[in-house]
Amino acid sequence: MIPYEQLFENNRKWVAENVARNVDFLKKLSADQTPEYLYIGCSDSRVPANEIIGLEPGEVFVHRNVANLVVSIDVNVMSVINYAVRHLHVKHIIICGHYNCGGVKAAMLPADMGILNPWLRNIRDVYRLHEAELDAIADMDARYDRLVELNVIEQALNVLKTAVVQEHYLENGYPAVHAWVFSLESGLLKDLNFDFKGNLQQIQKLYDLTGSVKHK
Ligand code: CO
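In terms of this note's numbering, the sequence shown is residues 24 to 239.
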């Protein structure tokens with residue numbers, strides 16, 4: 024276990040190493056951020072956003088919560104998406120889940136998780152949407168893996184249900200929305216090849232929020 028005081032020592036080392044690698048490191052760090060990516064992932068300590076995709080500070084705008092959920096009444100994630108799209112003009116929004124996700128696991132168990140109940144309910148709802156497919160998978164580990172994937176896809180759909188993403192896409196042709204899963208065992212990312220254009224078109228039959236843009 025790293026003693027608490029060690030963290031400040033690590034911080035000073037981090038600055039020194041980065042400055043040694045790039046003399047402009049601090050100049051770049053303190054300049055305005057212009058990230059092209061918004062990453063929405065799980066809070067899990069084993070999935071460090073910047074590191075797994077090899078991006079430097081300033082290159083990816085990050086939001087993490089338990090089980091990488093995009094909930095329409097969560098002011099936190101909605102603020103992040105709005106800011107990233109409207110003000111930072113990110114080109115890509117990535118929902119990144121991971122196998123062996125404790126949040127997804129908990130949503131498969133018959134247990135009272137206290138304040139986590141309403142949060143994990145969103146994942147139980149994903150299960151219910153795909154109940155036939157999931158119940159047909161006899162192997163519990165494989166079923167768990169599939170729920171992780173289906174949850175990521177559902178959250179990508181939730182991103183498409185926001186007015187800011189629909190309007191910005193209609194006006195500018197971006198952001199693109201992606202669904203990924205990270206494997207703790209291999210360290211590798213799997214692209215679920217989320218068809219965001221097809222899904223956006225599909226979803227707008229019921230969730231079209233772009234009326235004011237179209238009629239401008
Ligand atoms: Co997780």
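Even glycine gets a Cβ: it sits at the ideal position worked out from N, Cα and C.
1. Report yes or no: do three or more beta-carbon pairs, one from the region 51-68 and one from the region 104-120, lie closer than 8 Å?
2. Please classify His191: does DSSP put it in a helix, a strand, or coil?
3. Hey, could you find the ends of the alpha helix (DSSP H) Gly234 is sitting in?
4. Please go through the same chain and pick out, in chain order, the residues whose beta-carbon is closer than 8 Å to the beta-carbon of Ser66, but skip the five residues on each side of it.
5. Scan the region 105-177 and note each continuous alpha helix (DSSP H) run of 4 residues or more that stays entirely inside, going in chain order.
6. Spatial neighbours of Ala72 within its chain, please: C-beta separation below 6 Å, excluding the five flanking residues on both sides.
7. Helix, strand or coil: how does DSSP classify Val200 here?
8. For Leu61, which three-state DSSP category applies?
9. Taking the alpha carbon of Thr233 as the point to measure from, which residue in Val187, Leu215, Tyr197 and Glu172 has its own alpha carbon closest?
10. Give me the Cβ distance between Phe205 and Val70, rounded to the nearest whole Å; I'm assuming they're in contact under 8 Å.
11. Along the chain, where does the beta strand (DSSP E) containing Val83 start, and where does it finish?
12. Examine ligand 1 and report whether any of its heavy atoms sits within less than 6 Å of the Cβ of Gly126.
13. Tell me, please, which residues DSSP counts as bridged to Lys213.
14. Could you tell me whether the region 222-231 touches the region 170-184, using the rule of 3 or more Cβ pairs below 8 Å?
15. For Ala202 versus Leu215, is the C-beta distance shorter than 7 Å?
16. Who are the near neighbours of Asn174 in its chain, counting only those whose CB is closer than 7 Å to its CB and skipping five residues on each side?
17. For Glu177, count neighbouring Cβ atoms within 10 angstroms of its own Cβ and tell me buried if that reaches 16, exposed if not.
18. So the alpha helix (DSSP H) Tyr230 belongs to, where does it begin and stop?
19. State the start and end residues of the unbroken alpha helix (DSSP H) segment that holds Leu49.
20. Check for me: the alpha helix (DSSP H) holding Arg69 runs from which residue to which?
21. Quick one: Cα of Ala107 to Cα of Val83, how far?
The relevant details are as follows:
1. yes
2. helix
3. Gly234 to Lys237
4. Arg87, Asn88 and Val89
5. 125-129, 139-152 and 154-158
6. Tyr62, Gly64 and Val85
7. strand
8. strand
9. Val187
10. 5 Å
11. Val83 to Asn88
12. yes
13. Val204
14. yes
15. yes
16. Ala90, Gly120, Val127, Ile146 and Val149
17. buried
18. Phe219 to Tyr230
19. Phe48 to Ser53
20. Arg69 -> no alpha helix (DSSP H), and no H or E assigned at all.
21. 10 Å
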